[in-house]
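My numbering numbers the first residue of the sequence shown as -16 and each following residue consecutively.
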Amino acid sequence: MSSAADEPASTRKGRRLPLPTPSTDDSPARVTTFELFFDLVYVFAFTQVSRLMAETHSGFGVLQALIVLALMWWTWVGFSWISNQASVDQPLLRAGMTITMIAVFVAALTIPEAWQDLEGGLSGPFVFALAYTVVRTMHYSIYSALSAGDPALRRQLMIFLIALVPAIALILIGALVGGPAQLWLWIIAVVYDLAATRVGSAVGQGWRVSSAEHWAERYGLVVILALGESIVAIGVGVAQEPIDLAIILGSAASIVLSLLLWWSYFARLDAQGERRLAETDERARATLAADAYSYAHFVIIAGIIVTALGVEDAMKHVSEPEPFGWFGAIALGAGIAAFAVGTAVFAFFVGVRRPIMRIVEALVLLAAIPVLAMVPSMGALLIAVGLMGVIAGIEAVLHRRADDSGGGGGVVPGDAVR
């Protein structure tokens, strides 16, 4: 996570940091090209998570994939805090993040065998766990360098070790023992890491978000990267098939579905989140950044990736008259529902107090799963798009009325979602 200092800003400006902070509220930073380059390895990780889900084609396989996604997400979150604290366009930090990129890529390579080692070569689960350990260690090492002369950050990092060390140990032990024990140890590691970090943050109060603009943009871009996976899934499903009218229509419906996901986040919530961060004082901003972004956005990303799994499964059979089936229907409906829930939680944290249509969307898509399973794949795609489109239209009307009446329709006064 990122850092905060309890000392006055004038004192912070007067001391020398080995890695200087990139931004202040007076001089907002934006995401650099190196940060975008760094995130590309996570695009590959998202692809590998989708591949693991598709190959196992089971609820248990989806659970395993989501655990791996949670581990990878938490490594990305750590560096989102670092890059908001210090400029990545300097040799020391860039070198550390390059080593991290290599480790993340190795971890992503082993995702298909993170739970079951393939014959020959090194142990897939252990290589994944070892690469994960390198990433977490690099994150902590870079933050330790940043903490020079910053007592508040040093104190927070010491508290952070209470979450970091046991979580890494559980991941390594789980990879070594394998079997059902690995699943339970990794679940415990994820839950403990997330919970202990959140509690430790409340106790230490040492993290800081220097630039609201940079922070919101960084998370918005990772949502775009995840949406890119939903676009790739359309082509993966029919890449080896001769083009026909069904593929064209299915592709069009799938693109519209991805567009509706994009609209739900960027047309309604993205600017509101940045504005709320900018309006919040330093200490409260760090808490808001953690809750609304580092935690809630995992549900958003997971929802997009599971939705992409449903789209890929639908496109594989888009020309067939047989029923879509339960696996694809659950992935499609539950994925959209999870995304809607994630955006509802995010909306609540950033000031949209009654994001009712997001909850309605989640409930409607979950209720529609049996119908999606019984109709052909093309029908399932069209039904999903139709339901999302109707709900989005109603939401747009409600927000327009709220804006016209001065923000009384579900947003905090003065914070109408644009």
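For every residue, glycine included, the Cβ atom is placed at its ideal position computed from N, Cα and C. Because the structure is a prediction, the values reported are computed rather than measured.
Outcome for residue i when other beta-carbon atoms lying within 10 angstroms are tallied against a minimum of 16
{"i": "Ser124", "result": "exposed"}
{"i": "Ile226", "result": "exposed"}
{"i": "Phe43", "result": "exposed"}
{"i": "Val174", "result": "exposed"}
{"i": "Thr180", "result": "buried"}
{"i": "Leu271", "result": "buried"}
{"i": "His382", "result": "buried"}
{"i": "Gly369", "result": "exposed"}
For residue i, the residue or residues it bridges with in DSSP
{"i": "Val110", "result": "DSSP, once it has assigned bridges, lists no residue as partnering Val110."}
{"i": "Pro306", "result": "Pro359"}
Backbone CA spacing between residue i and residue j [nearest angstrom]
{"i": "Ile214", "j": "Val333", "result": "28 Å"}
{"i": "Val221", "j": "Ala291", "result": "14 Å"}
{"i": "Asp264", "j": "His300", "result": "52 Å"}
{"i": "Phe109", "j": "Val380", "result": "52 Å"}
{"i": "Ala267", "j": "Gly218", "result": "43 Å"}
{"i": "Phe307", "j": "Trp190", "result": "47 Å"}
{"i": "Val373", "j": "Met340", "result": "11 Å"}
{"i": "Leu76", "j": "Asn67", "result": "12 Å"}
{"i": "Ile171", "j": "Leu153", "result": "8 Å"}
{"i": "Val289", "j": "Val87", "result": "21 Å"}
{"i": "Val347", "j": "Ala185", "result": "36 Å"}
{"i": "Gly103", "j": "Glu96", "result": "12 Å"}
{"i": "Met357", "j": "Ile313", "result": "12 Å"}
{"i": "Leu105", "j": "Val192", "result": "40 Å"}
{"i": "Trp167", "j": "Ile151", "result": "14 Å"}
{"i": "Arg258", "j": "Ile85", "result": "35 Å"}
{"i": "Gly79", "j": "Trp198", "result": "20 Å"}
{"i": "Glu305", "j": "Ala367", "result": "18 Å"}
{"i": "Gly316", "j": "Val24", "result": "28 Å"}
{"i": "Leu243", "j": "Leu204", "result": "17 Å"}
Same chain only: Cβ atoms within 7 Å of residue i, ignoring 5 sequence neighbours per side
{"i": "Ala275", "result": "Gly256, Phe329, Phe332, Val333"}
{"i": "Leu49", "result": "Ala285"}
{"i": "Ala345", "result": "Ala320, Ala323, Val324"}
{"i": "Phe310", "result": "His40, Asp296"}
Own chain, CB closer than 6 Å to residue i, minus 5 neighbours either side, in chain order
{"i": "Val89", "result": "Ala114"}
{"i": "Arg137", "result": "Ser130"}
{"i": "Val26", "result": "Leu208"}
{"i": "Gln31", "result": "Ala91, Ile94"}
Other residues of its chain near residue i: CB distance less than 8 Å, five sequence neighbours each side excluded
{"i": "Leu252", "result": "Thr326, Phe329, Ala330, Val333, Val335, Val400"}
{"i": "Ile145", "result": "Ala179, Gly183"}
* Give, in chain order, every unbroken run of the alpha helix (DSSP H) that is at least 4 residues long and sits entirely within the segment 308 to 394. => 309 to 332, 339 to 350, 352 to 357, 360 to 387
* Asked: Considering only residues of the segment 237 to 266, which uninterrupted alpha helix (DSSP H) runs meet the minimum length of 4 residues and lie entirely inside it, listed in chain order?
  -> Every unbroken stretch of the alpha helix (DSSP H) spanning 4 or more residues and falling wholly within the segment 237 to 266 is given here in chain order: 253 to 262.
* Scan the segment 141 to 223 and note each continuous alpha helix (DSSP H) run of 4 residues or more that stays entirely inside, going in chain order. => 162 to 187, 195 to 221
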